[in-house]
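**Q** The numbering of the first sequence is this note's numbering, which starts it at 47 and goes up by one. Glycine included, each C-beta is placed from N, C-alpha and C at the ideal position. It should be emphasised that the depicted structure is a prediction, and the values quoted were computed from it without experimental measurement.
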Amino acid sequence: MNYDAKTIEAKWQSYWEETGRDRALETSQRPKYYCLDMFPYPSGSGLHVGHWRGYVLSDVWSRYKRLNGYEVLHPMGWDAFGLPAENDAIKKGIHPTVGTARNIANFKEQLKRMGAMFDWSREINTSSPEYYKWTQWIFLQLFDMGLAYRKEMPINWCPSCKTGLANEEVVDGACERCGTPVTKRNMNQWMLRITDYAERLLNDLDDLDWPEKVKKMQANWIGRSEGAELSFELHGLEKRLAVFTTRPDTLYGVTYMVLAPEHPLVSELTTPQQQQAVSEYVTQTLAKSQLARQRVDKTKTGVFTGGYAVHPLTGELLPIWIADYVLMDYGTGAIMAVPAHDQRDFEFARQFQLPVRRVIKMAGVQEVSEQNMQEADVRDGTLMNSGPYDGLTVEEAKRNVVLDLEAKGIAKRTVGYKLRDWVFARQRYWGEPIPVVHCERCGIVPVKEEDLPVLLPDVERYEPTGTGESPLAAIESFVQTTCPKCKGPAKRETDTMPQWAGSCWYFLRFADPHNAERLFDREKVDYWLPVDMYIGGVEHAVLHLLYARFFTKVLYDRKVIGFHEPFVRLFNQGMMTLHGAKMSKSKGNVVSPEELVEKYGTDTLRMYELFVGPPEVDAEWNPRAIEGVHRFLARTYRLIVDAAAQMQKQESRSLGKLRHRFVQQVTERIEGFRFNTVVSAFMEYVAALSEQSETLDQKTLDTLVICLAPLAPHLAEECWRIIGNQGSVFDASWPEVDERYLVDDTVVIVVQINGKIRDRIEVARETEQEQVRERVFASPSVQTAIADKTIVKEVYVPGKIFNLVVR
RNA sequence: GCGGGUGUGGCGGAAUUGGCAGACGCACCAGACUUAGGAUCUGGCGGGUAACCGUGGGGGUUCGAGUCCCUUCACCCGCACCA
């Protein structure tokens, strides 16, 4: 009988659908397990074999957990708000709702053919009003908690997408989506106070079973650094200037001060003589793209303001400069410059002939003179030229300087973060409307909860205006409304939320996806969550994954849920490449699963996706290698069909040993996420079974089929029946390993001379060292090798190796 | 510049605590069956005639190193003037 994958797969897919096999039930007696994929954006291009990789992994894992006695929640949905649908609307005039629905239908069809055990009864779509009503509800909580606020500030702006961007969406100074260099634009924006959560977002990383790489990326992104804020008197002004520094110990080394060009004190500090140079520099800086400002060629530029600050300990006057190497949105937007011990300050000082003053030296060493320094000295030594602090270590001085200045009321210890608040508004159409109104009398007023959702209206033109307003601003019927508070005339907010909004909490909604009364039933969410295994690409390391953690903590603080981390374990699958490049429609190097499923069946493709290489590593698509996997499945099918025709009653000792070793290997390798080697184990086992002269028994066949079920579920179901079982193989249990079968009666000892293999001898497992030694010396090849040599040493590793060291 | 990772046959990749390098698959070669083979099955397959040599290069520790240490090269990823 030939392996007819197509028929088999169609048969079992409808069986699963009819029996509701893949539903996750709260009423189950089994312990829960939540295995989640990062849900896709339903693009018009459909899925390629690269997308399959993660979905296959999570499905194999889900099915394996099922066989291990868990009730598995394995849902799927759509991250359906986003720019491509909107761009299609602009270009082709297809309404985003229509285009999105079509793409979803296509994606769903493709995913169904994959044969994954998705619980489709829980399907969600972030762009549906039933869903985004609750995204808006969460926004209202953020607003109420003071975590959502409006602020006028220069933000990242993509001139091509014509929208503001979050810091996280700027990659190498360019828009993450379209690659256009990002500029700064002053805008009145909705922001989320994610920085309030910086400390917790950082600390709680410790408890997560995530790849170290991702944890490190998040930690770096949050970028915590301890330091102090010092306040400097300004010469001739009543105001003071605050700077942030991590090196208060170098206070005596300060030779000048620098403000960011955007700093509010710049205009007050600038003297009439410097007026023109300063304002030119400021204008020039603001016009520079982000890309130009952070160019690799970091030649320092800047202008003297004419103003001076007063050194708090020496009274010395310190010239105040402005320079674009100081960033307005980090620390206080101003620094004290210590050129001797900070590389950036050093470069700036050399550029503009500012003095360099060394205040740290290595103990007992004559350091090069300040004029001859080639670079800043950032080593931890002891203090010099620092008055009362001379001789202290860097650590001691850091502490003492801050304590002393604190006593004078001009310093306080602070912590700086690289993390910025989250720019949460987009000037685009296809997103969740931000549910607030602007009332002339009451100011910003949140929409009442019972009036949610604020529906996205139909528009005629989807083009972003580019003026900083979304297309919604052009719709009078949408904009004009009444104030929920005073009932007077008011205007709706016309910005929408960023694409990340919906994905910040979708994993919660899967626990109770159709709740029309509430966000979700808390009991259900606390039952299924947190997600036990989250599988997706590493590209979301600091975007989605950080935002989702933030939302989870906010909802925890709001007492909406009872846990504060959403994803216990994270796995990042590698990309699939073709000709060395990531598969993408635009590069034209995608391999589509359709023809492969048609030709070999989905079980073959699933298994090949696993076999192609370690799951966390990028893998090059090999169109030939899939044949080998298909041959293997066909061979397995034939073996089982033949064996079923004449089954042996009792399992033989040798089959038992093979079986237990196999189960042990497969289990260990699945648990270790080494799926490529799981497939190898199958190939070896099936080959070994084929070589058996005796007929196979029920136990052997059951075990083989159960173990195969997570990988090739359709074939496994078919074979489950062929070998005489009832129902679904997924109601069976994963086989146990009996250790007693794993030990052999005899062992092969490798005989080495000076570490080189000379012979192998087989001895009974319990043989004494002395007997082994006799056998070793009896070996003819050993005899030859040691003939005229002296034995210096004998090393015996029981059951493994006997090494003779000779001279 | 800082941080992290990876280097093993023609190719993808295997190798508990340091203990038989190259499992498994692809490609290739030979054979069987066949009118035929781009189907299937069997066998071979790191290099070298051999002694031996082989896990990016060099050094070290050890009876023994792909694995541990030092050093160096190449490639990849993340961050990038964060005071």
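Give me the residue from E63, S313, E55 with the minimum Cα distance to W166.
**A** The residue with the shortest Cα to Cα distance from W166 is E63.
**Q** Whose CA, out of A162, E486, P544, W180, lies closest to the CA of E32?
**A** For residue 32 there is no data in the structure shown, the boundaries of the chain being 47 and 853.
**Q** Assign Q264 to one of three DSSP states: helix, strand, or coil.
**A** DSSP places Q264 in helix when its eight states are reduced to three.
**Q** Excluding five sequence neighbours on each side, which residues of the same chain lie with their C-beta closer than 7 Å to the C-beta of W780?
**A** Only L113, N114, I752 meet the Cβ criterion.
**Q** My understanding is that Q692 touches T749, with C-beta atoms under 8 Å, so please give their C-beta distance in whole angstroms.
**A** Between T749 and Q692 the Cβ distance is about 18 Å, and since that is not below 8 Å, they are no contact.
**Q** At the level of alpha carbons, what is the spacing between S277 and A369?
**A** Near 20 Å, if we compare the C-alpha coordinates of A369 and S277.
**Q** Is it buried or exposed, S268, if we count other Cβ atoms within 10 angstroms and call 16 or more buried?
**A** Note that residue 268 is Ile in the sequence shown here, rather than Ser. That one is buried.
**Q** Can the beta-carbon of A457 be found less than 8 Å from the beta-carbon of E245?
**A** In this structure, E245 does not lie closer than 8 Å to A457 by Cβ.
**Q** Which first and last residues belong to the beta strand (DSSP E) in which V505 is found?
**A** Unbroken run through V505: none, as it is neither H nor E.
**Q** Is the number of C-beta pairs between the segment 289-297 and the segment 380-400 that are closer than 8 Å three or more?
**A** Result yes; three or more Cβ-Cβ pairs closer than 8 Å.
**Q** Quick one, are the C-beta atoms of G186 and E478 less than 8 Å apart?
**A** Contrary to the premise, residue 186 reads as Leu rather than Gly in this sequence. Contact flag unset, no.
**Q** Please report the distance separating the alpha-carbon of L747 from that of L601.
**A** Roughly 50 Å separates the two Cα atoms.
**Q** Relative to the C-alpha of V577, which candidate in N561, W546, F609 has its C-alpha closest?
**A** Selected option, being the one with the closest Cα: F609.
**Q** Leaving out five residues before and five after P121 in sequence, what residues of the same chain have Cβ atoms less than 6 Å from its Cβ?
**A** The answer, listed in chain order, is D165, R168, F556.
**Q** According to DSSP, which residues form a beta bridge with I581?
**A** DSSP lists D83, F617 as partners of I581.
**Q** What are the partner residues of H484, as DSSP defines its beta bridges?
**A** Answer is I490, K537.
**Q** Using the C-alpha atoms, what's the distance from K802 back to V342?
**A** Because V342 carries a pLDDT of 44, less than 50, the predicted location of this residue cannot be relied on, and the following value inherits that uncertainty. Distance between the alpha carbons of V342 and K802: 53 Å.
**Q** Please state whether the Cβ-Cβ distance between Q738 and L701 is less than 8 Å.
**A** It is a contact, given that the beta carbons lie within the stated cut-off.
**Q** On the DSSP bridge list, what partners appear for D805?
**A** In DSSP, D805 forms a bridge with V797.
**Q** Mind checking which residues open and close the beta strand (DSSP E) that includes A156?
**A** In the sequence under discussion, the amino acid at residue 156 is Gln, which differs from the Ala named in the question. Element bounds for Q156: not the beta strand (DSSP E) but the alpha helix (DSSP H), 142-160.
**Q** Going by CA-CA distance only, name the one from S638, P499, Q526, E362 that's closest to W183.
**A** Nearest C-alpha to W183: P499.
**Q** Thinking C-alpha only, which one of A520, T511, W468, I581 is nearest W546?
**A** Measuring from the Cα of W546, the nearest candidate turns out to be W468.
**Q** Counting only runs of 3+ residues fully inside the segment 740-826, write out the beta strand (DSSP E) ranges in chain order.
**A** 792-799, 802-810, all fully within the segment 740-826.
**Q** Count the other CB atoms within 10 Å of the CB of C485; is the residue buried (16 or more) or exposed (fewer)?
**A** Buried: at least 16 other Cβ atoms inside 10 Å.
**Q** Would you be able to state if there are at least three C-beta pairs under 8 Å between the segment 564-573 and the segment 89-97?
**A** At 8 Å Cβ cutoff, the stretches do not touch.
**Q** Only counting runs of 3 or more residues, tell me where the beta strand (DSSP E) segments fall wholly within the segment 90-127, in order along the chain.
**A** Listed in chain order, the complete beta strand (DSSP E) runs (minimum 3 residues) inside the segment 90-127 are 117-119.
**Q** Within the continuous beta strand (DSSP E) that includes I847, where are the two ends?
**A** Run containing I847: 847-852, per the beta strand (DSSP E) assignment.
**Q** Among all the DSSP beta bridges, which residues are the ones paired with G273?
**A** DSSP lists T460 as partners of G273.
**Q** Taking the alpha helix (DSSP H) that E522 falls in, what are its first and last residues?
**A** Counting along the chain, the alpha helix (DSSP H) containing E522 begins and ends at 522-525.
**Q** Which runs of the alpha helix (DSSP H) spanning at least 4 residues fall entirely within the segment 611-670, listed in chain order?
**A** Taking only runs of at least 4 residues, the alpha helix (DSSP H) segments lying wholly in the segment 611-670 are 639-646, 648-657.
**Q** Terminal residues of the continuous alpha helix (DSSP H) containing F350?
**A** Run containing F350: none in the alpha helix (DSSP H); it sits in the beta strand (DSSP E), 349-356.
**Q** Assign D859 to buried or exposed, taking buried as 16 or more other Cβ atoms, counted over all protein chains shown, within 10 Å of its Cβ.
**A** In the structure displayed, the chain extends from 47 to 853; residue 859 sits before or after that span and is not available.
**Q** Give the straight-line distance between the Cα atoms of R270 and K464, rounded to the nearest whole angstrom.
**A** Looking at the two C-alpha atoms, the distance is approximately 7 Å.
**Q** Going by DSSP, what residues sit across from P200 in a beta bridge?
**A** Answer is N232, bridged to P200.
**Q** Grab me the residues of V852's own chain with a C-beta within less than 8 Å of its C-beta, minus the 5 sequence neighbours each way, in chain order.
**A** Closer than 8 Å at the Cβ level, and outside the excluded window around V852, lie I799, N800, A831, I832, K835, T836, I837, V838.
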